[in-house]
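Enquirer: Quick note: the sequence shown uses my numbering, first residue 5, plus one each step.
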Amino acid sequence: NGFGADGGEMYDSSSSSSSSALSQSMPSPPQLTIEEKRMEDIKSIISPHISTPESLQLLHTPQYRALYWLAVEDGRRLTIPTSSTQKSKLIQRYILALLYFALDGKRWVHDFKFMTALDECRWNMQVEDENGEVYTGGVGGCDNYGLIQTIALWTNNLNGQLPTEVGELTSVKVMSLYDNQIHGILPENIHKMNNLQLLYLHSNKIRGDVGFMCSLEIQNFRADCFGLEANVQCVCCNVCCVDDENGANQCYTQ
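(1) Just grab the DSSP bridge partners of I54 for me.
(2) Beta-carbon within less than 6 angstroms of Y149's beta-carbon, same chain only, minus the 5 sequence neighbours each way: which residues are those?
(3) Taking all protein chains shown into account, decide if L181 is buried (16 or more other Cβ within 10 angstroms of its Cβ) or exposed.
(4) Assuming I155 and V143 make a contact with CB atoms under 8 angstroms, what is their CB distance in whole Å?
(5) Give the range of the beta strand (DSSP E) segment to which F216 is assigned.
(6) For D247, which beta-bridge partners are listed by DSSP?
(7) Give the range of the alpha helix (DSSP H) segment to which R226 is assigned.
(8) When the Cα atoms are used, what is the spatial distance from Y98 to A70?
(9) May I ask which residues mark the beginning and end of the alpha helix (DSSP H) holding Q201?
(10) Roughly how many angstroms separate the alpha carbons of M14 and T65, rounded to a whole number?
(11) So what does K91 bridge to, in DSSP terms?
(12) The beta strand (DSSP E) spanning A156 covers which residue range?
(13) Taking the alpha carbon of D108 as the reference point, which residue from A252, L162, L63 has its own alpha carbon closest?
(14) With burial defined as no fewer than 16 other Cβ atoms inside 10 Å of the residue's Cβ, what is the status of M197: buried or exposed?
(15) Which one of K177, L151, E192 has the shortest CA to CA distance from L166?
(16) Just confirm the distance between the C-beta atoms of L200 and L220, as a whole number of angstroms; I'd bet it's less than 8 angstroms.
(17) With a threshold of 16 other CB atoms inside 10 Å of the CB of Y275, please say whether the residue is buried or exposed.
Below, the structure written as C-alpha cells:
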C-alpha cells in the first residue's frame, strides 16, 4: 500500500464511488410479510422437537397444513408464546389440527367443533349413536393448564395414519379411536403418553407389534390382537379383538 505525504493511506476516489454505487444498486433482501413472520415464529417452536423440518416445508403434508392453519387461518389466532404454558397450548392446538388433517377430518361423521375458533378444550359435543345413546365425543376434559385429558373419536370415519406427533400429548389419560379406518403401524412415539389409562385401537387397520406400549401398564388396552393371525401383536392388552366372518368386531378378555 502507498501512503501520501501526510502518512495517510492513499485511495482511489473513483473506485470508492463505484463501490458505493454498486452497493446502492444491489436489491435488499425481501421483507417477510406479517403472516410469513408468524409462520416462521410458530415453526421455530414446533421444529425440530415436535415435527421434522422436512415435514413442515412440503406443502402437501398434514404437518404443513396444520402449521398454515394455525398461523394464518385459525380464528383464535394465538399469540406467539412467552411462557411454557402458552407454548404447551400452541403445540397442543397444532397437534390436534394435525390429527384432523392426517385422518381426513373433512370426511368425519362429526367434526366435534375441530378447527373452530373455540379453545381446543371445547372441541367436543354431545351426539347420539345408532342405538339412541347420547355420548360426548371429541377432545377435552382439560386440566388446570388447559391441556386435554381425553381423545374420544371412535366410530367417526377417521381414515389415515396416526401421526407420530400425537405422542407429545402427554396429559391424555383416555384415547379411544376404535371402529375407524386408521391404518399402518402405531408410531413408537405414542409410548411417551405415560398418563394413559385407557387406549382403544381395535376395529381399525393398524398392524404390527405394539409391545413398546407395555411399559406404561395401561389399565384398559384393546387392539386387534386376537388369534394366531392377528393384525396386532400385543402381549399386554387386556382385551383382544378380531373381525368375525360377518365383519363384526368381536372382543375377548385375555
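Glycine included, each C-beta is placed from N, C-alpha and C at the ideal position.
Expert: So, to answer that:
(1) Looking at the DSSP assignment, I54 forms no beta bridge with any residue, so it has no partner.
(2) The residues are T89.
(3) Result: buried.
(4) Rounded, the Cβ-Cβ distance is 5 angstroms, consistent with contact.
(5) It is not in any beta strand (DSSP E) - F216 carries neither H nor E in the DSSP assignment.
(6) D247 is bridged to N253.
(7) Counting along the chain, R226 falls outside any alpha helix (DSSP H), though it belongs to the beta strand (DSSP E) covering 224-227.
(8) Approximately 6 angstroms, taken between the alpha carbons.
(9) Where Q201 is concerned, there is no enclosing alpha helix (DSSP H), given that its DSSP letter is neither H nor E.
(10) Unreliable positioning characterises M14 in this predicted model, as indicated by a pLDDT of 41, which lies under 50. The coordinate reading is nonetheless provided below. Roughly 59 angstroms separates the two Cα atoms.
(11) According to DSSP, which records beta bridges pairwise, K91 is partnered with nothing at all.
(12) Looking at the DSSP string, the run of the beta strand (DSSP E) that includes A156 is 154-156.
(13) Nearest C-alpha to D108: L162.
(14) Burial state of M197 is buried, judged by a 10 Å Cβ sphere holding 16 or more other Cβ atoms.
(15) Nearest option by C-alpha distance: E192.
(16) Contact between L200 and L220 holds: their C-beta atoms lie close to 6 angstroms from each other, under 8 angstroms.
(17) Nothing about residue 275 can be read from this structure; the chain reaches only from 5 to 258.
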